[in-house]
Structures are given as C-alpha cells and as structure tokens.
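Trainee:
Have a look at this one:
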C-alpha cells in the first residue's frame, strides 16, 4: 500500500472514536483534581483502531443530612469547574442552608489543614474561591499590579491622552506609575517588573511625549529606538506604539529579521521618528543603510534585556551602544537582574539610573490570579496524560511548552492525527508562519498552542486559561517566564500545570525558594488509559511521523543533557525505555546522541539558533 494511502487510512481509523474526558481518580482525590477535569474512562482494545466504551454519568446523589457535607459527585465537580472558569461565583450554587452555615463556622480549622488532601470538599472550595475573589478585586499597590494613580495626573499632551482613552485605560499599573514620571523628566531608568505588569506602555508613553514635545519631523531622523529580543515581541510593541501615535504626526517604523530589508531601508531613509527593532537587524541597518539619520537620537529603550542576552546578542548590543550617540536618555527593562544585565546596564547608562523594582518584597513572583500545580507522571505515560488533559480542555485556551523545535513539530502532528486540532510556534518556522500563528491564537477564544520558549517572554496573548509545561524548564526563572503568559492584568485568572517525573521532584524545592507556590494534583497511575499499543502502531505505520518521533526523541534527550541543574535533571538517570515509550516507540530508536559532548556547548547552540531565528539571521 502506498504510504500516503496508509497514512489516510490510519488517520481515519483514529478519528472514529472519541475519548471520554479524563483519567480516573478515587473519591478522595476528586476535589484535588477537579480543576484538571479528570474523570473515569474505560478502554477496550480489540483492533488497531482505538475503541472507547462510554458509560452515562451517575445520577446526582440526593441531598445528604448535615453534618458533614458529602464529597461532590462527578457531575457536580464538572459543573463547578465550568462555572469557576467563567468567573461565576461558586457560592451561588444552591446548597442546604444548615450545611452552608456549618461550613463557614469551621473555615478556620479547614484553613489549617488545607495541605491534607482527604479534607478537601465542596465547602472548602467555596470558601477558598470567595477569598480569592475578594483579593483579586481589591485595588491598591500592595496586592495587585494596579496603582491608584490615574493617567490624568501625568498632564500628557492631548493627542496622547486621547489615544490612551481610546485604548480603555484609566489607572496606571505600578510600573507605569513609577517609571513614566521619571522618564518624562528625562532621567535614565533601570526597571524590573514581572510579565503582564504593563511595562510596554511604561516606556512608550514617555517616548511618544518626547517626540511630541521636540516636534520631531521625518527629516530629523530617528529620535527613539526600542530594542526587543524577538520578532513577535517587536511586532506587538510596534502595534501598541501605533495606537499611541494615532493622533500624532510623528512616524513609526519596524525592522526585524525575516522581512524585506530593502523596504525597511527605504522607510528608514524617508524618516522614522520611533523605530522598533530586533538587535541583529538594527545593527545591520546602523552599519550598512546609508541615509539612516540616528545622530539626533534622544532615547534608547532596551526591553527584556535578560532575554536579549540569553539569545547571545551580547556582542551586537555592545556594537549598537558604541555606534549610537552618547548624549541620550536610556531605559532598560528586565524581568530578572542577572550579572550580564548589570554589565549591560553599566555600559548603557551615561548617568546613575533610577532603579524601579515593583516586585521587591512580594510574597509571590508570579501573577496574583495564577493557580499553580504539578503532577507526577510516569515517564512512559507522559503523552497519555497530556492527550487526555487536552481532550478535556478543548473548550479552553491552552499553551503547552516543549524543550525543542522537533518535539513541537512531532507532537503537533501526532495530536492532529489523533483528532485534536492545534497550532504550533517554534524557531524553525519562517517568520510569516510564526506571525500568522501568533495572531490567530491571540484572536481565538479557545485552542491549543504548542511552543518552545520563543513564545515564553513578553508576548501578550489574551485570555490564556492554562499553561502546561510538558518538558521541565531549565530553572525557576524560566518557569516564571512561561507561566507569565496567563493571569495577565489586574483581576485576571489562569492556571499552570507542571509535568514532573519522580526523579525531578527536587525541583519543587527550588520553586519554593523562588517564592512560587505549588500544589500537587494526584491521580491513580493504574487507571491511566491503556492506549500505548495503538499509539506505537500509529507512529510505526506513518513514515514521516516515525522520522519526526526519532528527531523529537533525540532532541529531548540532548536538551535534557543540557540542563544546568544536573543534580535534578540528570540524563544518566533517565529510563530510555520509558522515554522512548513517551514518544510512542516500543523500544528506544537508534539515534546518535553523543552525550559525551559538552552540554554547555549544546545549550549555547540552541540559544544561538533560537536567537538568530528570532532576529532573522538564519534561513
């Protein structure tokens, strides 16, 4: 049979059945995993086609006599989750008044025992939800990202004020309230703020005001340059600047890798007052575009400085800073203050900057409305758990992070063959494909996006419900950057799920030390769906999928070997048979791993490739 016909036949066979939602848990564990949406499923395997037996849900139980309130039934759990995800209060659901009063009287005792899974019940969920809602709606500097300061207090120009009003903003965030006045005074600023804190407007509003007050014209050249680490972030920053400049006469430009260089050069020569750029392409234009007027530069803004340096743009940044005029204002923003960031700051600033850190002293470094948890999964069962989770949450907006481009490509094709539509974004895609995918996912109300860490920093993707870290992050700060894609903004809510195998549990100590609260989602391994043989037949039967699986398997092991936290992520402790099973192989495939080579060299290579692809230097 022709391989294409065989592929279509296997794909059609796999699409025939539908999986019931979830994995299966006992009654004591149900309250803990309700937010994951897992419920019991049964499988029968009579042929190569995946068959599923579907049983109707049990009828709701009659109201029990209090006290104590009984555990919630499965239909009630599913209903509770749906209501919570729609931001409806759980307390609106009808319950016996006596049980409700007794639950409130015992709230203090329950809070002290919240770590004991067996005591989690419906009453606890209601009380905890009420507390979270009260906390999320409270304005103020201490608990949320918003300040009590309005944009009107800044006395901005009429065109800028009108644009901000059109964008729907009234009050400033903390980073905006502290950084904008300093930048408006012409001071240098070194800012630190977590993702989703509103720092893009914090530097763009003063930049636009600078152009307006200086009455810059196209013939005057470029007055403000904003440097971003990736094309996607540069595109997004350019879009925000475009909204702010809506009622201004000043010009705006974007130079990034992957777009037409000649068109960019013509635009620059014609006069661009505010230029948004990635490092490599900016340096190219500074060195090679005749007629680029940058001698009148008034302000240099470096966004996500730590990510720029992580992508090995350190040398480019040094050259850019040396080329640009020294008499300028500088603003540098970074989520983390590493040694390299401090070195870049010393090189960039001509005067002592105003240090602004809105996260200093916070009890948590992640967003306020974010519920974070982890699940311990047998290595061989990782994909089965992921597949079941995504099936359950098809009505949600989910981002899944992988450690390599090859893993994203393989799992995207595998999920599509299994009947789950998903998008993917990674460093090996052409710029047009990445941009299209990014904006399609931004506009979507629901969907699945598989990605590498290209998408983990700075991007503002609205209304993401779940962040799933299928492959573990290299360190806590990478975890923070990933989960920063959800629960962005004041009062926003989101969920994060981290996959770990038994040997990786020590990573939780580092997360705790980094002020990242985590709770465990528990499930019974023995009740996992037994579909491994069907997956293996699928991968073995489709040639291109088999090749992609081998590439993904190899890339996963090499990325694991490149982890900096060797005491936790030790490649020599991996069970390669189990790893192979997670990539749908019955036995480990023969691939050239070359684990004796330098892990640091491999990591530098990955970062270099990702960085150059972000800036368009690699085809």
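Numbering (the UniProt record's numbering), first residue to last: 1 to 619. Backbone N, C-alpha and C define an ideal beta-carbon position, used for all residues, glycine too.
Which of the three DSSP states, helix, strand or coil, is assigned to residue 417?
Mentor: The answer is helix: DSSP assigns residue 417 an H, G or I state.
Trainee: Taking the CB atoms as reference points, tell me whether residue 673 and residue 199 lie closer together than 8 Å.
Mentor: Because the chain in this structure spans residues 1 to 619, residue 673 falls outside the shown range and cannot be described.
Trainee: Who are residue 275's beta bridge partners in DSSP?
Mentor: 225, 253
Trainee: From residue 160 to residue 382, what distance separates their C-alpha atoms?
Mentor: 50 Å
Trainee: Whether or not the region 231-249 and the region 308-327 are in contact is what I'm after, with contact meaning three or more pairs of Cβ atoms, one per stretch, closer than 8 Å; do they touch?
Mentor: no
Trainee: When DSSP builds the beta bridges, which residues end up paired with residue 171?
Mentor: 150
Trainee: What three-state label does DSSP hand residue 451 in the structure shown?
Mentor: strand
Trainee: Go ahead and pull the three-state DSSP assignment for residue 520.
Mentor: Looking at residue 520 - three-state DSSP - the assignment turns out to be strand.
Trainee: Short of 8 Å in beta carbon distance, which residues of its chain neighbour residue 298, apart from the five on each side in sequence? Order them along the chain.
Mentor: 210, 214, 223, 224, 328, 329
Trainee: Among 191, 228, 183, 194, which residue has its Cα nearest to the Cα of residue 207?
Mentor: 183
Trainee: Once the 5 residues before and after residue 475 are set aside, which same chain residues still bring their CB inside 8 Å of it?
Mentor: 510, 564, 565
Trainee: Are the Cβ atoms of residue 241 and residue 272 separated by less than 8 Å?
Mentor: No, these two residues do not count as a Cβ contact at 8 Å.
Trainee: Please report the distance separating the alpha-carbon of residue 626 from that of residue 499.
Mentor: Because residue 626 is not part of the residues shown, which for the chain are 1 to 619, the question remains open.
Trainee: For the alpha helix (DSSP H) that contains residue 208, what are its first and last residues?
Mentor: Residue 208 -> alpha helix (DSSP H) spans 199-213.
Trainee: Please work out which residues of its chain come closer than 6 Å, Cβ to Cβ, to residue 177, disregarding the five sequence neighbours upstream and downstream, and give them in chain order.
Mentor: Here residue 177 has 147, 149 as same chain residues with Cβ atoms under 6 Å from its own Cβ, once five neighbours each way along the sequence are excluded.
Trainee: Buried or exposed: which applies to residue 168, given that a residue is buried once 16 or more other Cβ atoms fall within 10 Å of its Cβ?
Mentor: exposed
Trainee: Can you tell me which of the three DSSP states residue 394 falls into?
Mentor: Correct three-state label for residue 394: coil.
Trainee: Throw me the rounded Cβ distance for the residue 296 and residue 487 pair, which I believe falls under 8 Å.
Mentor: Not quite, the Cβ-Cβ distance comes to about 41 Å (not below 8 Å), so this is no contact.
Trainee: Taking buried to mean at least 16 other C-beta atoms within 10 Å of its own C-beta, is residue 424 buried or exposed?
Mentor: So residue 424 ends up on the buried side.
Trainee: Hey, how far is the Cα of residue 28 from the Cα of residue 374?
Mentor: The predicted model places residue 28 with a pLDDT of 32, which falls under 50 and marks its position as unreliable; any figure quoted below should be read in that light. Those two C-alpha atoms are separated by around 18 Å.
Trainee: Taking residue 350 as part of the alpha helix (DSSP H), name the residues at either end of that continuous run.
Mentor: Residue 350 -> no alpha helix (DSSP H), and no H or E assigned at all.
Trainee: Does DSSP classify residue 401 as helix, strand or coil?
Mentor: strand
Trainee: Along the chain, where does the alpha helix (DSSP H) that runs through residue 541 open and close?
Mentor: 532-541
Trainee: Measuring only the C-alpha atoms, how far is residue 219 from residue 255?
Mentor: 19 Å
Trainee: Checking 8 Å against the spacing of the C-beta atoms, do residue 402 and residue 452 come in under that value?
Mentor: Yes, the pair counts as a contact, with Cβ atoms nearer than the cut-off.
Trainee: Compare the C-alpha of residue 290 against each of 537, 265, 508 and name the closest.
Mentor: 265
Trainee: Where do the ends of the alpha helix (DSSP H) carrying residue 496 lie?
Mentor: Segment 494-500 is the beta strand (DSSP E) holding residue 496; no alpha helix (DSSP H) there.
Trainee: Check the C-beta distance from residue 585 over to residue 536 and give it rounded, since I have them as a contact under 8 Å.
Mentor: 7 Å
Trainee: Could you tell me whether the Cβ atoms of residue 306 and residue 406 are closer together than 8 Å?
Mentor: no
Trainee: Please state if the CB of residue 553 and the CB of residue 580 are separated by a distance shorter than 8 Å.
Mentor: yes
Trainee: So residue 231 packs on residue 253, CB below 8 Å; how close in whole Å?
Mentor: Going by Cβ atoms, the distance from residue 231 to residue 253 rounds to 14 Å, so no, they are not a contact pair.
Trainee: Reducing DSSP to helix, strand and coil, say where residue 442 ends up.
Mentor: helix
Trainee: In its own chain, which residues sit with a C-beta less than 7 Å from the C-beta of residue 204, not counting the 5 before and 5 after it?
Mentor: In its chain, beyond the 5 residues on either side, 240, 241, 244 have a beta carbon closer than 7 Å to the beta carbon of residue 204.
Trainee: Pick helix, strand or coil for residue 551, following the three-state DSSP scheme.
Mentor: helix
Trainee: Taking buried to mean at least 16 other C-beta atoms within 10 Å of its own C-beta, is residue 260 buried or exposed?
Mentor: exposed
Trainee: Taking its Cβ as the centre, do 16 or more other Cβ atoms sit within 10 Å of residue 591, making it buried, or is it exposed?
Mentor: It counts as exposed.
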